[in-house]
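Numbering-wise (this note's numbering), the sequence shown opens with residue 156 and increments by one. Beta carbons are placed, not taken as given, at the ideal position from N, Cα and C, and that holds for glycine. Note that the structure is a prediction, hence the values are computed from the model and not measured. What follows is a short report on a single structure.
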Amino acid sequence: PELVDGVSLIVGIDRLMDEARTLTNYIGNAVATLIVATWTHTIDKQRVAETLDGKHPFVYDVETDESKQQEQITA
156 PELVDGVSLI
166 VGIDRLMDEA
176 RTLTNYIGNA
186 VATLIVATWT
196 HTIDKQRVAE
206 TLDGKHPFVY
216 DVETDESKQQ
226 EQITA
């Protein structure tokens, strides 16, 4: 019975830590992408600046993505 309190505390903290790990991983991937693009001279700095300014918001289109995946599978 006393262990249940400890386990619930650990599970609660682990949820918060999982969010922190996810955020760290996401930021790390974004920074690594920018570093590699800069290193290989393939980065479009103007496009990056416009995207970070919100001029090119990300819009995910499920139908288009699924059709592209089907094309890749059949090719």
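| Query | Result |
| --- | --- |
| Nearest-angstrom Cα separation, counted from G183 out to T206 | 18 Å |
| Contact under 7 Å by Cβ, A204 with I198 | no |
| Residues near H211 in its chain [Cβ-Cβ closer than 8 Å; skip 5 each side] | R202, E205 |
| N-terminal and C-terminal residue of the alpha helix (DSSP H) that V214 is part of | Counting along the chain, V214 falls outside any alpha helix (DSSP H), and DSSP gives it neither H nor E. |
| I198 (DSSP reduced to helix, strand or coil) | coil |
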